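*Asks:*
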Amino acid sequence: MDFKLTEEHLMIRDAARDFAKAELLPGVIERDNKQEFPAEQVKKMGELGFLGMMVSPEYGGGGMDTTSYVLAMEELSKIDASCSVIVSVNNSLVCWGLETYGNEEQKKKYLTKLATGESIGAFCLSEPEAGSDATSQKTTAIDKGDHYILNGTKNWITNGGSADYYLVIAQTDREKGHKGINAFIVEKGWDGFEVGPKEDKLGIRGSDTHTLNFNDVKVPKENRIGEDGFGFKFAMKTLSGGRIGIAAQALGIASGAYELAREYSKIRKAFGTEICNHQAIAFKLADMYTEIEAARHLVMKAAWDKDQGNNYDMSGAMAKLYASKTAMDVTVEAVQIHGGNGFVKEYHVERLMRDAKITQIYEGTSEIQKIVISRGLLRD
Ligand code: CAA
Ligand code: FAD
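Put into structure tokens, the structure is as follows:
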């Protein structure tokens with residue numbers, strides 16, 4: 001067993017840390033207030049290779065492993081989870097899905113642009129009546145020979161307004177249930193494709209979340225990903241890896257809040273001494289750090305499983321379940337340690353607390369992670 005990161009891993013972690021401090025921290029409060037999409041920051045992240053980290057260099061990516069990716073996700077998320085969710089969706093849902101299951105033409109046409117950040121991607125599974133219950137797809141794609149006709153509504157789509165390419169899951173044959181679901185690449189601007197208004201959210205307010213409407217959108221057959229009927233498995237397999245990225249995001253939110261709370265406790269004085277000298281505060285720090293370290297081990301184990309070619313459905317789900325709970329627990333305590341200052345925007349921890357909540361909801365709620373884990377445990 002070796003807990004040591006390689007030189008390359010440390011370099012990537014440090015590069016992400018430096019970038020987050022230099023480029024994401026300035027303006028993070030304003031972007032959150034104004035719900036402003038971080039377009040400039042996304043462009044820089046693309047230039048530095050953060051948007052296609054695991055994509056092979058052949059398609060313009062960094063060719064890095066999942067461990068590198070989670071290290072970068074943690075660092076970016078310490079400062080700005082609105083930016084890191086964009087990184088997560090683009091890397092682990094869109095690019096990974098296309099590279100693993102797309103054909104050569106699709107990779108050449110779409111993946112190369114997505115991996116470099118020239119284009120941004122979105123992953124569209126959720127619907128008003130199909131969130132956790134993802135097989136209940138109401139969006140339809142009717143086979144018309146050389147194309148499909150897509151109709152329906154997707155909601156809660158991250159990068160919904162800013163993306164160029166959308167991976168859309170839809171039902172092509174209702175009789176076949178989940179085996180009659182397909183995944184398609186849809187381009188922004190195609191006739192009948194409308195982006196609805198942006199959601200006004202509790203957290204990750206810089207990321208743009210939209211409802212999308214498809215009204216008789218013509219999708220060429222060559223834009224279907226994989227064999228006919230592969231769409232639900234495509235979504236599930238892609239989400240298994242995506243959950244590792246969101247677990248790393250939760251870990252970053254927790255460690256960002258912990259670091260702020262530890263520093264604050266060393267300078268704020270009450271009853272004649274720094275508050276860290278009160279055992280109630282020191283013990284909070286001990287609990288926070290212990291939870292973070294436990295979450296880190298689960299996140300790293302899941303990333304390692306993926307890199308080793310092991311099954312990572314359960315380890316990814318456990319990492320997300322635990323790290324997202326850690327993010328909630330730790331951010332609430334970080335606000336408490338800051339006292340009244342924790343309740344105002346200037347000190348960052350209230351934003352981290354608001355951002356933490358989404359990690360228990362998207363890419364499968366905590367209850368869904370428990371379904372995945374328990375089914376894994378009970379399987380022969
Ligand atoms: N890999 C491969 N196949 C899988 C799989 C996996 N990880 N998980 C399930 N499947 C297969 C099953 O084997 C089954 O196929 P067979 O019948 O051929 O065996 C098929 O998929 C259906 O599976 P289930 O019977 O288990 O389906 P279910 O209705 O019980 O639902 C579920 C399973 C795990 C609850 C699933 O619906 C689910 O994951 N729901 C949550 C949806 C979700 O995570 N949405 C996230 C949207 S993206 C997002 O949120 C992005 C963002 O915020 C940034
Ligand atoms: P529901 O499924 O209605 O769940 C409501 C509650 O019931 C939850 O607590 C849930 O855990 C619980 N529940 C449901 N079924 C069960 C069960 N069988 N057992 C126990 N409890 C259960 N989706 C995308 O496709 N792409 C995106 O890019 C994307 N980005 C998002 C960004 C944001 C900011 C948000 C808020 C959501 C995003 N989503 C995205 C959607 C997200 O994945 C769903 O919100 C999530 O999967 C839950 O679905 P739901 O909201 O319909 O809740």
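The sequence shown: position 68 = 68 (UniProt numbering), numbered continuously. Every residue, glycine too, gets a C-beta built ideally from N, C-alpha and C. Keep in mind that this is a model prediction, so the values were computed, not measured.
Run the proximity test for Lys-237: is its beta-carbon closer than 7 Å to any non-hydrogen atom belonging to the ligand CAA?
*Replies:* One-based indexing of the sequence shown puts residue 237 at position 237. Lys-237 has its CB nearer than 7 Å to a heavy atom of the ligand CAA.
*Asks:* By a C-beta neighbour count over all protein chains shown, 10 Å radius and 16 as the cutoff for buried, is Arg-174 buried or exposed?
*Replies:* The count along the sequence shown starts at 1 and reaches residue 174 at position 174. Exposed, by the Cβ-count rule.
*Asks:* Taking the C-alpha atoms as reference points, what is the distance between Val-219 and Leu-167?
*Replies:* Mapped onto the sequence shown, residue 219 falls at position 219. Mapped onto the sequence shown, residue 167 falls at position 167. Between Val-219 and Leu-167, the C-alpha separation is close to 12 Å.
*Asks:* Between Asp-287, Lys-113, Cys-124 and Ile-142, which has its C-alpha nearest Arg-262's C-alpha?
*Replies:* Within the sequence shown, numbered from 1, the residue matching residue 262 stands at position 262. The shortest C-alpha separation from Arg-262 is found at Asp-287.
*Asks:* Assign Leu-98 to one of two classes, buried (16 or more other C-beta atoms within 10 Å of its C-beta) or exposed (fewer than that).
*Replies:* Position 98 of the sequence shown, counting from 1, holds the residue named residue 98. Around the beta-carbon of Leu-98, 16 or more other beta-carbon atoms lie within 10 Å, marking it buried.
*Asks:* I'd like the ranges of any alpha helix (DSSP H) spanning at least 4 consecutive residues and lying wholly in the stretch 196 to 279.
*Replies:* 231 to 267
*Asks:* By Cβ distance below 6 Å, which residues in the same chain neighbour Phe-184 in space, the five residues on each side in sequence not counted?
*Replies:* Reading the sequence shown from its first residue, position 184 is the one you call residue 184. The answer, listed in chain order, is Val-168, Val-219, Asn-223 and Arg-224.
*Asks:* Answer yes or no: the CB of Ser-82 versus the heavy atoms of the ligand FAD, is any distance below 7 Å?
*Replies:* On the sequence shown, residue 82 is found 82 positions in, with the first residue counted as 1. No; taking the cut-off as 7 Å, the Cβ of Ser-82 has no heavy atom of the ligand FAD nearer than that.
*Asks:* Residue range of the alpha helix (DSSP H) that Ile-368 falls in?
*Replies:* Counting from one through the sequence shown, the residue named residue 368 turns up at place 368. Start and end: 366 to 378.
*Asks:* To the nearest whole angstrom, what separates the beta carbons of Gly-206 and Gln-35, a pair I think is in contact under 8 Å?
*Replies:* Residue 206 sits at position 206 when you count from the first residue of the sequence shown. Residue 35 sits at position 35 when you count from the first residue of the sequence shown. Confirmed, Cβ separation roughly 7 Å.
*Asks:* Work out the CA separation of Ser-82 and Tyr-322 for me, nearest whole Å.
*Replies:* Your numbering for residue 322 matches position 322 in the sequence shown. Your numbering for residue 82 matches position 82 in the sequence shown. C-alpha of Tyr-322 to C-alpha of Ser-82: approximately 21 Å in a straight line.
*Asks:* Would the stretch 89 to 109 count as touching the stretch 251 to 266 if we require 3 or more Cβ pairs under 8 Å?
*Replies:* no
*Asks:* For Ile-157, which beta-bridge partners are listed by DSSP?
*Replies:* As a first step, residue 157 must be located in the sequence shown, where it is residue number 157. Note: Ile-157 sits in a beta bridge opposite His-210.
*Asks:* Drop a sphere of 10 angstroms on the beta-carbon of Asp-305, count the other beta-carbons inside from all chains shown, and report buried for 16 or more, exposed for fewer.
*Replies:* Indexing the sequence shown from 1 puts residue 305 at position 305. Buried: at least 16 other Cβ atoms inside 10 Å.
*Asks:* Taking the Cβ atom as the reference point for each residue, do Gly-252 and Leu-76 lie within a distance shorter than 8 Å?
*Replies:* Here residue 252 is taken as the residue at index 252 of the sequence shown, counted from 1. Here residue 76 is taken as the residue at index 76 of the sequence shown, counted from 1. Taking 8 Å as the Cβ cut-off, Gly-252 and Leu-76 qualify as a contacting pair.
*Asks:* For the ligand CAA, is there a heavy atom less than 7 Å away from the beta-carbon of Ala-134?
*Replies:* In the sequence shown, residue 134 corresponds to position 134, counting from 1. True, at least one ligand heavy atom lies under 7 Å from that Cβ.
*Asks:* For a minimum of 4 consecutive residues, which ranges assigned as the alpha helix (DSSP H) are wholly contained in the stretch 13 to 82?
*Replies:* 28 to 34, 39 to 47 and 66 to 79
*Asks:* Does DSSP put Leu-125 in a helix, a strand or coil?
*Replies:* By 1-based counting over the sequence shown, the position of residue 125 is 125. DSSP places Leu-125 in coil when its eight states are reduced to three.
*Asks:* Mind the definition here: the stretch 285 to 302 touches the stretch 326 to 337 only if three or more C-beta pairs lie below 8 Å; say whether that holds.
*Replies:* yes
*Asks:* Is the number of C-beta pairs between the stretch 295 to 312 and the stretch 63 to 71 that are closer than 8 Å three or more?
*Replies:* Contact between the stretch 295 to 312 and the stretch 63 to 71 is present, with at least three C-beta pairs closer than 8 Å.
*Asks:* Taking Leu-212 as the reference, give the member of Phe-19, Lys-176 and Thr-158 with the closest Cα.
*Replies:* To locate residue 212, count along the sequence shown from 1; it is residue 212. Out of Phe-19, Lys-176 and Thr-158, Thr-158 has the C-alpha closest to the C-alpha of Leu-212.
*Asks:* What is the C-beta distance between Met-53 and Gly-62, in whole angstroms, given that I count them as a contact (C-beta under 8 Å)?
*Replies:* For the purposes of this step, residue 53 is taken as the residue at position 53 of the sequence shown. For the purposes of this step, residue 62 is taken as the residue at position 62 of the sequence shown. The pair is a contact, with the Cβ atoms about 5 Å apart (cut-off 8 Å).
*Asks:* Do Gly-160 and Thr-100 count as a contact pair if the criterion is CB distance below 8 Å?
*Replies:* Along the sequence shown, one-based indexing puts residue 100 at 100. Along the sequence shown, one-based indexing puts residue 160 at 160. The answer is no: Cβ separation not under 8 Å.
*Asks:* Please identify the residue among Lys-78, Gly-27 and Ser-136 whose C-alpha is closest to the C-alpha of Asp-14.
*Replies:* Here the question's residue 14 lines up with position 14 in the sequence shown. The shortest Cα separation from Asp-14 among Lys-78, Gly-27 and Ser-136 belongs to Lys-78.
*Asks:* In three-state terms, what does DSSP make of Gln-171?
*Replies:* Start at 1 with the first residue of the sequence shown, and residue 171 comes out as number 171. Residue state, collapsed to three classes: strand.
*Asks:* So the candidates are Lys-43, Asp-2, Ser-315 and His-348; which of them puts its Cα closest to the Cα of Ser-162?
*Replies:* Locating residue 162 in the sequence shown gives position 162, where the first residue counts as 1. Out of Lys-43, Asp-2, Ser-315 and His-348, Lys-43 has the C-alpha closest to the C-alpha of Ser-162.
*Asks:* Could you check how far apart the C-beta atoms of Lys-357 and Arg-351 are, in whole angstroms? I think they sit under 8 Å.
*Replies:* Sequence index remark: in the sequence shown, residue 357 carries index 357 (1-based). Sequence index remark: in the sequence shown, residue 351 carries index 351 (1-based). About 11 Å; that fails the 8 Å criterion.
*Asks:* Of the residues Ser-84, Thr-6, Glu-7 and Val-55, which one's Cα is nearest the Cα of Ser-37?
*Replies:* Taking the first residue of the sequence shown as position 1, residue 37 is located at position 37. Strictly speaking, residue 37 in this sequence is Phe, with Ser absent from that position. When each option's Cα is compared against that of Phe-37, the closest is Ser-84.
*Asks:* Which residue marks the beginning of the beta strand (DSSP E) containing Glu-99, and which one marks its end?
*Replies:* For this step, residue 99 is matched to residue 99 along the sequence shown. No beta strand (DSSP E) contains Glu-99, which is instead part of the alpha helix (DSSP H) from 96 to 101.
*Asks:* Would you say the beta carbon of Phe-50 comes nearer than 7 Å to a heavy atom of the ligand PLP?
*Replies:* What this structure holds is the ligand CAA and the ligand FAD, not the ligand PLP.
*Asks:* Pull up the DSSP beta-bridge partners for Val-344, would you.
*Replies:* Walking along the sequence shown from the start, residue 344 turns up at place 344. Paired residue(s): none; Val-344 is not in a bridge.
*Asks:* Tell me, to the nearest whole angstrom, how far the beta carbon of Tyr-362 is from that of Ile-246; I am working on the premise that it is less than 8 Å.
*Replies:* Sequence index remark: in the sequence shown, residue 362 carries index 362 (1-based). Sequence index remark: in the sequence shown, residue 246 carries index 246 (1-based). About 7 Å; that satisfies the 8 Å criterion.
*Asks:* Report buried or exposed for Ile-371, applying the criterion of at least 16 other Cβ atoms within 10 angstroms of its Cβ.
*Replies:* Along the sequence shown, read from residue 1 onward, the residue named residue 371 stands at position 371. By the 10 Å Cβ count, Ile-371 comes out exposed.
*Asks:* Quick one: what does DSSP say Asp-164 is sitting in, helix, strand or coil?
*Replies:* Within the sequence shown, numbered from 1, the residue matching residue 164 stands at position 164. It is coil, neither helix nor strand.
*Asks:* Can you tell me which of Arg-354, Ile-337, Ala-294 and Phe-234 puts its alpha carbon nearest to the alpha carbon of Asn-33?
*Replies:* On the sequence shown, residue 33 is found 33 positions in, with the first residue counted as 1. Arg-354 is the residue among Arg-354, Ile-337, Ala-294 and Phe-234 whose C-alpha sits nearest the C-alpha of Asn-33.
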